[in-house]
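> I have a structure I would like to understand better, so I am pasting it below and will then ask my questions one at a time.
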């Protein structure tokens, strides 16, 4: 299976292009790019113009820093981040959305009916998306981490913090196909950093993920209900799982029934994390996963297959090759 999947991913990643050469720059839609002014409206306008054009390049140019709330990326778009995207710390710049159907109550809650704050960067039922540019997407997550700690004293959360709503991910791609993420720095996410949710054909390479060691739930790469994923040549230092291969939570994940399969993770460097994980959200099963040539240093754990009562499922055909663990607790 991997001999088939891997060449497809490489060819896809190398050939991905927008539907046309048109460039949409938030500066041309009124953004200041000074890192202080609220550029949310201009950023959303540039992305809306690209959507109306059936794609193109949305350019966040250097040396500008664009302070923005959440926004949507549509099909055939290259998000070219040469400068910096600064996620707003004002919840009024975010939209409340329903949680994924295979999570039920949202990532910060185990109760059905809770909502989530929309991720900073989100796609939904899209295809042919690239996130790149050599710049930085900064989640400015500290206020979200504070409200999580303020709202909950237990590791096992029973209600959502942060005004009753689950914290936003930095990037969440949902029901999305043909994705490339490369040459980008992602830092200080409010919650999970890169959440691939029901995605197919994904190539991630040369991505740096940074967060403080004590920041809660700042996973690096969450591969969730996905098929055909290649994650390689990237770095993580943060406060939770560097990589988590998942497939939904509890009853909701089992009912939805989307197995994660055909995943290759290789040539990674990981520091100060919770290591390489399968689970704990894995209720629809995990199949055909390879971890290869990975260095883990100063982590709370090296390799984990984890779950809990009511959440477990099958884990099949998982291979670990040349995994180097240093100073692991």
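Residue numbers (mature numbering (1 follows the signal peptide of the UniProt record, and there is no 0)): -21 to -1, 1 to 308. Glycine included, every Cβ here is placed at the ideal spot set by N, Cα and C.
Less than 7 Å between the beta carbons of residue 197 and residue 219, yes or no?
yes
> In terms of residues, what are the limits of the beta strand (DSSP E) holding residue 270?
265 to 276
> Does DSSP put residue 192 in a helix, in a strand, or in coil?
coil
> Is it a yes or a no for the stretch 60 to 76 touching the stretch 240 to 256, going by three-plus beta-carbon pairs under 8 Å?
no
> Does the beta-carbon of residue 234 have 16 or more other beta-carbons within 10 angstroms, so that it is buried, or is it exposed?
For residue 234, the number of other beta carbons within 10 angstroms of its own is below 16, and it is reported as exposed.
> Decide if residue -15 is buried, meaning its Cβ has at least 16 other Cβ atoms within 10 Å, or exposed.
Legend: pLDDT at residue -15 = 45, less than 50; position of this residue unreliable, value from coordinates given subsequently. Per the 10 Å Cβ criterion, exposed.
> Between which residues of its own chain and residue 245 is the CB-CB distance below 6 Å, once the five residues before and five after are set aside?
Only residues of its own chain outside the window of five on either side were considered, and among them 211, 271, 272 have a CB closer than 6 Å to the CB of residue 245, listed in chain order.
> At what residues does the alpha helix (DSSP H) containing residue 99 begin and finish?
Neither: residue 99 is in no alpha helix (DSSP H) and is coded neither H nor E.
> In whole angstroms, what separates the C-alpha of residue 64 from that of residue 105?
21 Å
> Could you pull out every unbroken alpha helix (DSSP H) segment of at least 4 residues lying fully inside the stretch 226 to 258, listed in chain order?
229 to 235
> For residue 149, which of 168, 143, 163 has the nearest alpha-carbon?
168
> Comparing alpha-carbon positions, which option in 286, 281, 296, 288 lies nearest residue 307?
Looking at the Cα atoms, 281 is the closest of the given residues.
> Look at residue 107 and residue 32 and say whether their C-beta atoms are less than 7 Å apart.
no
> Quick check: the Cα distance between residue 288 and residue 172, rounded to an integer number of angstroms?
26 Å
> Can you name, in chain order, every residue of its own chain whose Cβ lies under 8 Å from the Cβ of residue 303, other than the five neighbours on each side?
Here residue 303 has 273, 274, 275 as same chain residues with Cβ atoms under 8 Å from its own Cβ, once five neighbours each way along the sequence are excluded.
> For residue 150, name the three-state secondary structure that DSSP assigns.
DSSP, reduced to helix, strand and coil, places residue 150 within a strand of the structure shown.
> Check whether the Cβ atoms of residue 159 and residue 182 sit closer than 7 Å, and answer yes or no.
yes
> Out of 290, 44, 7, 6, which has the shortest C-alpha to C-alpha gap to residue 14?
44
> Let me confirm a value: residue 121 is counted as buried when at least 16 other C-beta atoms fall within 10 Å, else exposed. Which label applies?
It counts as exposed.
> Can you list, in chain order, the residues of its chain whose CB lies under 6 Å from that of residue 190, leaving out five sequence neighbours each side?
167, 197, 217, 218
> Measure the alpha-carbon distance for residue 110 versus residue 99 and round it to whole angstroms.
13 Å
> Nearest to residue 213 by CA position, among 144, 184, 266, is which residue?
Residue 184 is the option with its Cα nearest to residue 213.
> Reducing DSSP to helix, strand and coil, say where residue 221 ends up.
coil
> Is the beta carbon of residue 224 sitting closer than 7 Å to the one on residue 202?
yes
> Excluding the 5 residues preceding and the 5 following residue 151 in the sequence, name in chain order all residues of the same chain whose CB lies nearer than 7 Å to its CB.
98, 101, 174, 176
> What would DSSP say about residue 16, mapped onto helix, strand or coil?
strand
> Less than 7 Å separating the beta-carbons of residue 46 and residue 69?
no
> Thinking just about the alpha-carbon of each residue, which of 35, 11, 29 is nearest to the one in residue -1?
Considering only alpha carbons, the answer is 35.
> Taking a contact to mean a Cβ-Cβ separation below 7 Å, would you say residue 127 touches residue 195 in this structure?
yes
> Looking at residue 59 and residue 38, is the spacing between their C-beta atoms short of 7 Å?
yes
> Grab me the residues of residue 266's own chain with a C-beta within less than 7 Å of its C-beta, minus the 5 sequence neighbours each way, in chain order.
238, 240, 295, 296, listed in sequence order.
> Under DSSP, the beta strand (DSSP E) around residue 161 begins and ends at which residues?
156 to 166
> Note down the Cα distance separating residue 255 from residue 261, rounded to an integer number of angstroms.
So the alpha carbons of these two residues sit roughly 14 Å apart.
> Do you know whose CA, among 115, 178, 9, lies nearest residue 42's CA?
Nearest option by C-alpha distance: 115.
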